[in-house]
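Since the structure comes first, as structure tokens, the remarks are kept for the end.
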Amino acid sequence: MKQTIVRSVNELPTYGFGSRTGPWWGAMAFIALEGMGFAVAIAAYLYLYAVNPKWPINSPPPDLWPGTLATAVYVLSVIPNELTSRWAHKLDLRGVRIGLVIMSLIGLALLVIRGFEFAHLNARWDLDAYGSVVWFVLALHTTHLATDVGDTLVLTVLMFTRHAKPRRFSDVTDNVFYWNFVVIAWLPLYVLLDWTPRL
Amino acid sequence: MSDIAREPARDLRDNKLEQSELAALLLEIWRTPSGWLGSLTSVDHKVVGKRYILTAFAFLVLGGLLAVLMRLQLAGAERKLLSPDLYNQVFTMHGSTMMFLFAVPVMEAFAVYFVPLMVGTRNIAFPRLNAFSYWTFLFGGCFLWIAFLFNVGPDVGWFAYVPLSSLQYNPGKRADVWAQMITFTEVAALAVAVEIVVTVFKQRAVGMTLDRIPVFVWAMLVTSFLVLFAMPSIVVASTSLILDRLVNTHFYDTASGGNVLLWQHLFWFFGHPEVYIIFIPGTGMVSMIIATFAGRPVVGYVIIVLSLIATGFLSFGLWVHHMFTTGLPQLGASMFTASSMLIAVPSGLQIFCWLATLWDGRPVYRTPLLFVLGFFAIFVLGGLSGVMVASVPIDMQVHDTYFVVAHFHYVLIGGAVFPLVGAVYYWFPKITGRMLSERLGRWNFWLAFISFNVAFFPMHILGLMGMPRRVYTYTPEMGWDHLNLLSSAGGAAFAASFALLIANVVLSLRSGALAGDNPWGASTLEWATSSPPPPYNFSRIPVVTHRDPLWAGGGNLPVVAGLSVERREVLLSSIADAEPHTREASPEPSIWPLLTAIATTIFFVGSIFTPWSVVWGTPPIAIALIGWFWPTGSKEDEE
Amino acid sequence: MVVWLRSGLTVAATCVLTSCTGWQSSFNAQAAQSEEIKRILLIFIAVSTVVWVAVMLVLLVGLIRGRPLREQRLDLDEAFERRAGSVILVAGIATTIAVLALSVVSYGAQRTVFANDPPVVTVKVTGHQWWWEVQYQADSPHLGFTTANEIRVPVGQPVTVELESADVIHSFWVPSLTGKMDLVTGQQNRTQFTAKNPGVYRGQCAEFCGMQHAHMAFTVTALAQDEYRRWRDQQNQSAPSPSDPLSIRGEQLFRGRGCGLCHTIRGTLAGGQLGPDLTHIASRDTIAAGTLPRNSGNLAAWIADPQHIKPGNLMPKMPLRSDELIAILHYLEQLQ
């Protein structure tokens, strides 16, 4: 077909931040589907809760402290997370490196706390339907947490290599954005797992 | 800091280049590497899309052969061709193959191939994820079929109701194979859905505002959202089923607080939108074909788009109509009667729009249009029988009978497969550069149309006569044998119509008439480039000023200049008005998606046999993913 | 082609006619519930037919009507576009009204189908892979009894069926009486019907339940009330003691070979719960959940090799000499 040039895109930048990038929208789509996964898991939990006259069925509720401790760490982690985002927007490599190292350490700490959460559920997965569904919900969020921590670790290493180019700062902000989702997804799960059995 | 923030100085753009020079440079950076190893690294959406389409059609042939086997078994009373054990595997494999390995993937495959072309971009968003999606789909499908050939094919129905699919009633690995096949195909489908959403949101050609998006693209966008929100439910379901079977959890064990209807809720919360995941792309194809062969834009573009969106929303409010006979409370069930019937309204609106288009246009009766006309006759009937089964009392009679088998074959074959075959005739010239034979096409259509009705219409009557689904045989005194024989004859002829299609494809690939860029005189952007399109799709990105750009342009395509010819670059634009704002790099070919898919396959298949696969199966996936995302120092990575 | 079509039509027509009389047909309605369903089914079919024909007519007329050649594809007639838009909207509104009206018709029928009259007879049906356990409940325990695969009910009186499953999900469906209701593991469902005419109505499991789903049939026989009472009193009896030497030997073999571990014969030591109650096996019409008519030949063949007749069922093949088989058969045939 005959072509006529009517417009120039010479001046457009080669990277952007947030909703001006493809990966950000990709992250949004993944958040949508993972959020739906959490919603379905919560619905399954509540369904089993509704059909069983006694809840938990054969065990005490989980111990409160590991989940509560984790929740506190999640909420506080938003501060260094947001700082990292700011540094990334300013293309401040030193700040981003510090921020990513802190976020990696927080992520690893949360994985350790997660171990305690499992240990203090007070019900094994093969005890009854209650045990099965709490393990399932917690494991779902653990998968979610572990993949994001893994992603953060790789990105941290990357920012200490020669590949720390401007486009990578956009990746850092996407990682920050995704971490916020990990935190937000946890809050209802905390209420569900630690407080619903006490109702 | 200032060092790394500076724009690189070296940078060759397409501004001043002659067409031939431009094409040569673009080809060099966008082509798939040569050799068989190179072909495994391809991230070209057209290469992946073609593989996807061919693989999905291969599964259609396999699923179709199973259908023929079932029809042979049921052609008469008490026939002994298939043992009950084999018959149950065959009908489960037929349903699972058709739903998970053919219908959903083939629609996504068409989207993978055509959405980037229709929106005027050079590759799909996340092309490596796209390649990974294909390999995962391929391995998952092969896994299911290899298991079947070793007599470990699932035998619990495509819906795998518990407790029949629990370890107690289904020892062995058959139900695990089913559940893990689901996981494979869901991963593949979710990946494509993410790509389509981002491609449509961010990679549309300059000026392709929301109200200029081709209807097929809208349809695939809505479908992708349905996938995003429906499939997590089946992932939760299949995972919990495997856990029950493998590590002794109790989700579905009524003795330990579990509940068997939980499975049905989870399954149908996915399963009903699934029907629309298959049908909505079909309606998108119908809109495209009707506009082209009526020689005018579809009437009521806005109504059609809003109907698609409404269908998407409503499809999440119907799942309980699959559970009317499970003893749910009356009031709840009644609500789902109204919602199930109301979904007829957006479908009806679309049909009225197409009727108006054909009314005003001058129809050109080529094969694609014939299949669309067949779609009208069949799908409307299927939709009406759908209104019947939405009624609780009627459903209590026809549920799980051959009436329902007839109903959903009318809906799915009429609503999706007829448009799909029409779409094959319509887009084959674009994919291959050659036309399919019109003469064979007519035979194909009439054989398919008549034999379909002969095969499936009698099933309505059989269902009303009391023939349940999923029975491997029946006794002669039931009086079902004549209609079954008729249906089997129709089924055989229907299978033959697909043999005709395959023959047409094979013959036309070698000796079909050359197509040229736009053989049908169609209006959308995929026809603005050569047939088959070059690896970079468009030498310059189009500027869209009208909903039907090729009809509005008068043979002239306005384009933009200024993109790099040294690295793979796509133009990102704003969501609503498609104003360009970024020249973003697009990933180059890579073997890592294939390796990741292999690692994932080992993980999934291993998890059927031991929960420890979660432990030793994860590191290879992690390594493959790091390899996938780690920068290689190419221009695509570094800017 | 024409001949073929015509013969197809003939076959279709005859089948439509037989579907009204078939003994497992939704159109052979013999109860208040099934009649109501049949009534609205006919309404829905009529509306659907009208709509389908109307759409096809509009399509046909739209295709064959003459119209001027359009030079430019985008050269649209504004007036037509506007008119088309309004017609589409009106048609959409009409569709909405039609489906809402059909919903109301459906709700009306639901009231009849799910009517909950105080039942005269309550039967508890438990689904097993692949047969039906039928328990008649009565106010006093000694009046209750258990049978299998054949239900008898009095004509003209509401019958409630309580549905449970011993294993996987099944579905209780007698099209002539009412729509189906599932037997869901871990919960009790109920369904009710009032048979209008005496007769034998066939039912079949309608939810896929494993290998022999196809062979899980049963019958509901509606009897005049005194006839029903006679049958009930007879079923309430324990099995008569064997009198002749052959049936005494058969009774011994029945226990000795382990049959009694799975089957109950009331009044004897055989008290197994896994298989059908055989106390009055000789009064039934079929064996193996409607798979075969009950006669000496079929019963002998079944005992000799149940896996040959209904592969996968839970009854194992017992090694029996032919004289042993004859003795057991003779004993069972005494159990009227």
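Protein chains in written order, with the numbering used here: chain A, 13 to 211; chain B, 357 to 995; chain C, 102 to 437. From the three backbone atoms N, C-alpha and C, an ideal C-beta is built for every residue, glycine too. Note that this is a predicted model, so its numbers are computed, not measured.
DSSP, reduced to helix, strand and coil, places residue 745(B) within a helical segment of the structure shown.
Cα atoms of residue 189(C) and residue 159(C): separation of roughly 13 Å, rounded to the nearest angstrom. Take residue 896(B), set aside five residues on each side of it, and the residues of its chain with a beta-carbon closer than 6 Å to its own are 915, in chain order. In the structure shown, residue 941(B) falls within a strand segment according to DSSP collapsed to helix, strand and coil. A contact is defined here as three or more CB-CB pairs under 8 Å, and the stretch 840 to 856 of chain B meets this definition with respect to the stretch 792 to 803 of chain B. Among the CB atoms of chain C, none fall inside 9 Å of the CB of residue 397(B). Fully enclosed alpha helix (DSSP H) runs of no fewer than 4 residues are not present anywhere in the stretch 857 to 884 of chain B. Take the alpha-carbon of residue 264(C) and the one of residue 284(C): they are about 5 Å apart. Within the same chain, Cβ atoms closer than 8 Å to the Cβ of residue 101(A) are found at 29, 181 and 185, the five residues on either side in sequence being excluded. Within the stretch 713 to 782 of chain B, the complete alpha helix (DSSP H) segments at least 4 residues long are 723 to 745, 748 to 754 and 758 to 768, listed from N- to C-terminus.
By the neighbour-count criterion, in which a residue is buried when 16 or more other Cβ atoms sit within 10 angstroms of its Cβ, residue 640(B) is buried. Ranked by Cα distance from residue 345(C), the options 200(C), 428(C) and 157(C) are led by 428(C). Secondary structure of residue 218(C) (DSSP, three-state): coil.
Nearest Cα to residue 532(B) within the set 965(B), 778(B) and 397(B): 965(B). Residue pairing by DSSP puts residue 283(C) in a beta bridge opposite 272(C). In this structure, the straight-line span from the alpha carbon of residue 816(B) to that of residue 677(B) is close to 19 Å. DSSP places residue 107(A) in the uninterrupted alpha helix (DSSP H) bounded by 105 to 131. Close to residue 290(C), with beta-carbon spacing below 8 Å, are these residues of chain B in chain order: 682 and 683.
Residue 603(B) has a beta carbon lying within less than 9 Å of a beta carbon in chain A. The three-state reading of DSSP puts residue 348(C) in helix, counting H, G and I together. A contact is defined here as three or more CB-CB pairs under 8 Å, and the stretch 467 to 476 of chain B fails this definition with respect to the stretch 376 to 393 of chain B. Counting every other CB atom within 10 Å of its CB across the protein chains shown gives residue 972(B) a total below 16, marking it as exposed. When the five nearest sequence neighbours on each side are left out, the beta carbons in the same chain lying within less than 7 Å of the beta carbon of residue 141(C) are those of 206, 207 and 210, in order along the chain. Residue state for residue 301(C) is assigned as strand, using DSSP reduced to three classes.
If one requires a minimum length of 4 residues, the alpha helix (DSSP H) runs lying completely within the stretch 22 to 95 of chain A are 34 to 63, in chain order. For residue 800(B), the uninterrupted alpha helix (DSSP H) run begins and ends at 794 to 820, by DSSP. As computed with DSSP, residue 228(C) is found in a beta bridge with 233(C) and 266(C). Across the set 105(A), 14(A), 161(A) and 137(A), the C-alpha of 137(A) shows the shortest separation from the C-alpha of residue 151(A).
A direct Cα-to-Cα measurement between residue 153(A) and residue 56(A) gives close to 15 Å. Between residue 946(B) and residue 984(B), the gap from beta carbon to beta carbon is short of 9 Å. A distance below 8 Å between beta-carbons, with the five flanking residues on each side excluded, links residue 291(C) to the following residues of its chain, in chain order: 261, 262, 263, 264 and 282. Around the beta-carbon of residue 334(C), fewer than 16 other beta-carbon atoms lie within 10 Å, marking it exposed.
Every alpha helix (DSSP H) stretch that sits fully inside the stretch 434 to 470 of chain B and reaches 4 residues is listed by chain position as 440 to 452.
Setting aside the 5 residues that flank it on each side, residue 382(C) is surrounded in the same chain by 433 and 436, each with a C-beta closer than 7 Å to its C-beta; the list follows chain order. The stretch 686 to 695 of chain B makes contact with the stretch 742 to 753 of chain B, as at least three CB pairs between them are under 8 Å. For residue 847(B), the three-state secondary structure derived from DSSP is helix.
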